[in-house]
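When we follow full-length UniProt numbering, the leftmost residue of the sequence shown carries the number 1, and every step to the right adds one.
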Amino acid sequence: MYADRFTGRSRFHPAGLVAAIGINAAVVAALMLAAPHMGIGDPPEGSIEIYQVPPDRPPPEPQPLPKKAQSTAPAAERIETVTPLVDTLPSTDRPVGLDPLPFPTLDLGGGSAAGTGTAPADPPAPAPVIVGPSVDPRYAGDLQPSYPPSEQRLGRDGRVTVRVLVGSDGRVRQVERVSATSDAFFAVTQAQALRRWRFRPGTRDGVAQEAWRTITVTFTLED
């Protein structure tokens with residue numbers, strides 16, 4: 001009996017389905033007729049209009065750069081050179097090359113010598129030291145000649161200046177007249193110089209040599 005009851009409830013009735021569809025359609029139609037009529041026109045005052053803003057366009061994608069042609073040759077290896085902060089000294093294991101100096105040329109008077117240089121000039125010789133003759137003190141009393149008798153009788157004074165050449169031995173070799181009051185005064189002076197005058201000879205760098213000396217002799221009568 002239970003099986004027949006279950007079977008009877010699960011049977012499908014087409015007439016019920018049609019009735020259900022018609023009831024739903026009537027309900028929808030009633031709702032549509034009951035809704036207020038809304039005309040299409042200007043929105044009421046104080047209403048808010050809503051617009052649909054289109055979304056921003058995405059930025060264009062960047063165009064890919066053209067690929068450079070790859071060089072088939074390998075890149076040269078870069079070598080960095082580091083400059084030392086301290087100057088390096090040359091190695092002492094090997095000699096340092098020096099330019100040869102020109103060989104000086106010496107003028108020997110007869111030919112030419114190799115080389116382009118010239119011999120350095122000799123330094124100037126120092127000036128010689130020359131000392132003139134001087135009267136020997138041992139013979140200073142013999143300088144005054146005797147008074148000429150003719151001039152003494154006339155009572156006349158005289159004066160004679162002569163240049164004498166003194167030899168390396170201190171003796172007078174030559175007498176020259178510079179001035180004289182009279183020939184008589186010069187004659188006695190010349191004779192005295194050649195016989196009795198003695199000098200210390202003049203020297204050149206310490207070596208005795210002949211030299212000239214000027215001497216003046218005066219003649220005065222005593223009262």
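Cβ atoms here follow ideal geometry from the backbone N, Cα and C, with glycine treated the same way.
request  = Taking Ile185 as the reference, give the member of Gln209, Pro201, Gly158 with the closest Cα.
outcome  = The question names Ile, but residue 185 is Phe in the sequence shown. The option with the nearest alpha carbon to Phe185 is Gly158.
query = Beta-carbon separation of Pro133 and Val166 under 9 angstroms?
reply = yes
request  = Determine the burial state of Thr189: buried for a count of at least 16 other Cβ atoms within 10 Å of its Cβ, exposed for fewer.
outcome  = buried
message = On the CB-based measure, 16 or more other CB atoms within 10 Å of its CB, does Gly202 come out buried or exposed?
response = buried
task = Output the distance between the C-alpha atoms of Thr161 and Arg204, rounded to the nearest integer angstrom.
result = 26 angstroms
query = For Gly155, which of Thr220, Arg177, Val129, Asn24 has the nearest alpha-carbon?
reply = Thr220
ask   = Beta carbon of Val217, beta carbon of Gln152: below 9 angstroms?
value = no
key: Opening and closing residue of the beta strand (DSSP E) in which Thr203 lies   = 202-204
key: Within 9 angstroms, strictly: CB atoms of Ala193 and Ile215   = yes
message = If distances are taken between C-alpha atoms only, which option among Ser182, Ser168, Arg163, Asp169 comes closest to Glu176?
response = Arg163
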